[in-house]
Amino acid sequence: MGVLQNLSGARGSMELTFDSTSLLRAVLVGVIGLPVILILVDYIRVLRLRQKLPPGPFPLPLFGNFFQIPKVKPWIDFEKWSEYYKDPMITIWQGHRPTIMCNDIWTISDLLDKRANIYSSRPHMIAMGDMINATDSNQVCLVYGDKWRLHRRLMHSATGSQAIRPWRVIQANESKVLVRDLLDRPDDFVMSVERYSCSIVSIIGWGRRIDKINDYVAQMALKSMEGVDLIIPGLFIVESIPFLAKLPKWLDWIYPMPGKMKNFAKHMQRQFWNSCRGGPRLMVTRRYFVALSKEGAQAPEDNFAKRLFKEQEQSHIADEEISSLTSNLIGGGVDTTSGTIISFILAMCVFPDKLKKAQEELDQVVGQDRVPDWSDEPSLPYVKAVVNETLRWRTVTILGGIPHAPIQDDEYRGYLIPKGTPITGNVWAIHRHPREFPEPDNFRPERYLGGLERPYPNKQGHNAFGWGRRQCSGQPLAEQGLFLTIATLLWAFDFKPGLDENGKEVKLNIFAYTKSENMRPEPFKARFIPRSKGVENIIRQEATRARKELCAYDGETRLTMENVS
Ligand code: HEM
58 MGVLQNLSGA
68 RGSMELTFDS
78 TSLLRAVLVG
88 VIGLPVILIL
98 VDYIRVLRLR
108 QKLPPGPFPL
118 PLFGNFFQIP
128 KVKPWIDFEK
138 WSEYYKDPMI
148 TIWQGHRPTI
158 MCNDIWTISD
168 LLDKRANIYS
178 SRPHMIAMGD
188 MINATDSNQV
198 CLVYGDKWRL
208 HRRLMHSATG
218 SQAIRPWRVI
228 QANESKVLVR
238 DLLDRPDDFV
248 MSVERYSCSI
258 VSIIGWGRRI
268 DKINDYVAQM
278 ALKSMEGVDL
288 IIPGLFIVES
298 IPFLAKLPKW
308 LDWIYPMPGK
318 MKNFAKHMQR
328 QFWNSCRGGP
338 RLMVTRRYFV
348 ALSKEGAQAP
358 EDNFAKRLFK
368 EQEQSHIADE
378 EISSLTSNLI
388 GGGVDTTSGT
398 IISFILAMCV
408 FPDKLKKAQE
418 ELDQVVGQDR
428 VPDWSDEPSL
438 PYVKAVVNET
448 LRWRTVTILG
458 GIPHAPIQDD
468 EYRGYLIPKG
478 TPITGNVWAI
488 HRHPREFPEP
498 DNFRPERYLG
508 GLERPYPNKQ
518 GHNAFGWGRR
528 QCSGQPLAEQ
538 GLFLTIATLL
548 WAFDFKPGLD
558 ENGKEVKLNI
568 FAYTKSENMR
578 PEPFKARFIP
588 RSKGVENIIR
598 QEATRARKEL
608 CAYDGETRLT
618 MENVS
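In our numbering, the protein residues as written are 58 to 622.
Here it is in structure tokens:
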């Protein structure tokens, strides 16, 4: 009996040992083996798919080309890779997802313009879409379909070619105020340009003018600009390993929120964090823009917010969508317009012969006794060419804004382009291709004078505003404003490089640009010298008159991120 008891006891402990070993093995297989098998299967799929796609650097399992893509200005390397692989299209892998980078205008135009019925959607984006709750509610990220059409129609009611006429007066008046600001505070010229761009979209959006450089809305606009970098391929590992975005808050230490995203919502980082990680769906920035729009809807003058709230009853658009539509005026229109004007100022300091030619045209058509206005536009081809050349020479949206994606598998030049693949135009390479633009870094408005100098797939001769049906919704507004502002600035000033501490002119570098996807010149010194005493007097008189006319839009907002959270 005792022996039997011992035996059975021994068997029990053997069973126990056997059970715990197999359990351990099963756990090990589950925890290590299964993910390894899944990663291998996935990698085999990537390698097979890779054979059908345009060439590109060899991807690693799980990470793709994440470690090969430079974290600073990758567009320069994308162009070099395209030369190395002798193909205008290259494939880069963000984890197991391919992105196709087009480095040549004819290729990208074949896809995004000629096959626009297929290539007008957006890819699924993690950092730029899911993590900021924009995928289903922001026009910029919406897939091709009815919701996107509705958003685009609504946006065009504020910024489309039919809608922009009434904004001419506002843009002309704000340009005059800008010119006076540059005269009085030349060292703050960047901030003055930003105030100007922000004020125009704020009047259109909420019926409220931005008067001060440090206005709260302007500050928020500039902070939120960092959001555009969420789109740069290879910058955020979360695009390669999307599940990192879904980690609960207590696992922050595994994948801390990227610094750029923190800055994006600096004031309300905690709330922002919550919304990204399964917390309240409505981000505080959204709430802020909803509140700003509700406040705008009460403004005396007609504005976009007012019309959207009226439309809400008919189209049942959610508050979130109103917030994204109005905030896109800022997200789309401030940094882009400001960056273009700052590049124009740099070009005028560095290429004085072009400045002189434009001024000769202005003197002939307008004279020096009045400021140019919209009626002069047809008679100022050189000024128009300066605008186009600025947009080409140093395009702000250096990777073409947001990638497009096809709604079905497609084939092009023998390559497969799978449904949903991000297609990006490397504007850095496209706008500097010597075949279309000989001596591309030379600022030459003549490229656009009397028709295009070289063949190009569109009449405009550049793609600063993107491609096909997703082309920038604000293009008519931006072009109208850029013409008025650039004409007024050319009429008013001789632009010269600033002076150093010894009173000598500084040497300006036309390649010193920021590393953002919305690139702009690194800070530089410039002088704004009125062309004559008479011109200076007119600037001051016109600015005073313009400021009076803009009074209708004066007003303060009491709203801050803090008090809407
Ligand atoms: C110089 C000024 C501007 C430049 C260079 C610019 C550039 C771009 C680019 C490259 C795109 C992506 C196009 C594509 O996907 O093919 C875009 C889209 C967009 N832009 Fe602009 N933009 C400017 C001004 C504006 C302004 C003033 C607004 C609004 C007030 C605006 C609102 C938008 C919107 C809403 C989209 C998304 C279009 C869609 O997905 O349907 N932009 N912009």
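For glycine and all other residues, C-beta sits at the position ideal for the given N, C-alpha and C.
Every value quoted in this text rests on a predicted model; they were computed, and no experiment measured them.
- Counting C-beta pairs closer than 8 Å gives fewer than three between the region 499–508 and the region 192–200, which falls short of the contact rule.
- With a threshold of 7 Å, the Cβ atom of Ala462 does not count as near the ligand HEM, since no heavy atom of the ligand is closer than that.
- Spanning the alpha carbons of Ala603 and Pro409 requires a straight line of approximately 29 Å.
- Out of Tyr100, Ala220, Lys564 and Val423, the CA that lies nearest to the CA of Ala544 is found in Val423.
- Counting every other CB atom within 10 Å of its CB across the protein chains shown gives Ile162 a total of 16 or more, marking it as buried.
- Ile480 carries a strand assignment under DSSP once its states are collapsed to helix, strand and coil.
- Taken atom to atom, the span from the alpha-carbon of Gly90 to that of Thr481 is near 36 Å.
- In this structure, the C-beta of Asn385 approaches the ligand HEM to less than 7 Å from one of its heavy atoms.
- Looking at the backbone, the Cα of Ser436 and that of Val129 are separated by about 42 Å.
- The beta-carbon separation of Glu352 and Leu616, rounded to 6 Å, stays under the 8 Å limit for a contact.
- In the structure shown, Met185 adopts coil according to DSSP, grouped into three states.
- Straight across, the Cα-Cα distance linking Leu403 with Leu239 is about 14 Å.
- Counting the other CB atoms within 10 Å of its CB gives Cys159 a total of 16 or more, which places it among the buried residues.
- Between Tyr201 and Ser178 the beta-carbon gap is near 4 Å, inside 8 Å, which marks them as a contact.
- Between Pro463 and Ile126 the beta-carbon gap is near 22 Å, outside 8 Å, which marks them as no contact.
- Here Ile133 is not near Trp450, since their CB atoms are 8 Å or more apart.
- Apart from sequence neighbours up to five positions away, the residues of its chain that approach Lys572 with a beta-carbon distance below 6 Å are Val129 and Lys130, ordered along the chain.
- The DSSP-derived three-state label of Ile96 is helix.
- Beta-carbon to beta-carbon, Leu110 and Thr148 are separated by about 5 Å, close enough to satisfy the 8 Å threshold.
- In the DSSP assignment, Pro155 is bridged to Trp150.
- The beta carbons of Arg597 and Trp431 sit no closer together than 8 Å.
- By the criterion of a C-beta distance shorter than 7 Å, Glu368 is surrounded in its chain by Leu211 and Ile374, once the five residues flanking it on both sides are discounted.
- Secondary structure note for Arg604: its alpha helix (DSSP H) is the uninterrupted segment Lys590 to Glu606.
- Residue range Ala583 to Pro587 is occupied by the beta strand (DSSP E) that includes Arg584.
- With a threshold of 7 Å, the Cβ atom of Arg237 does not count as near the ligand HEM, since no heavy atom of the ligand is closer than that.
- Rounded to the nearest angstrom, the Cβ distance from Pro243 to Arg489 is 30 Å, too far for a contact under 8 Å.
- The region 547–565 and the region 386–395 do not touch, with fewer than 3 CB-CB distances between them shorter than 8 Å.
- Between Asp99 and the set Pro116, Val84, Leu85 and Ala83, the nearest pair of CA atoms involves Pro116.
- Straight through space, the alpha carbons of Leu607 and Ser395 are spaced by roughly 20 Å.
- In the structure shown, Ile89 adopts helical secondary structure according to DSSP, grouped into three states.
- By the CB criterion at 8 Å, Ala348 and Val621 fall inside the cutoff.
- Contact annotation, Ser166 with Trp524: C-beta distance approximately 7 Å; criterion of less than 8 Å satisfied.
- Residue nearest to Ser380 within the set Gln355, Ser350, Ser400 and Glu358 is Ser350 (criterion: CA-CA distance).
- The DSSP-derived three-state label of His461 is strand.
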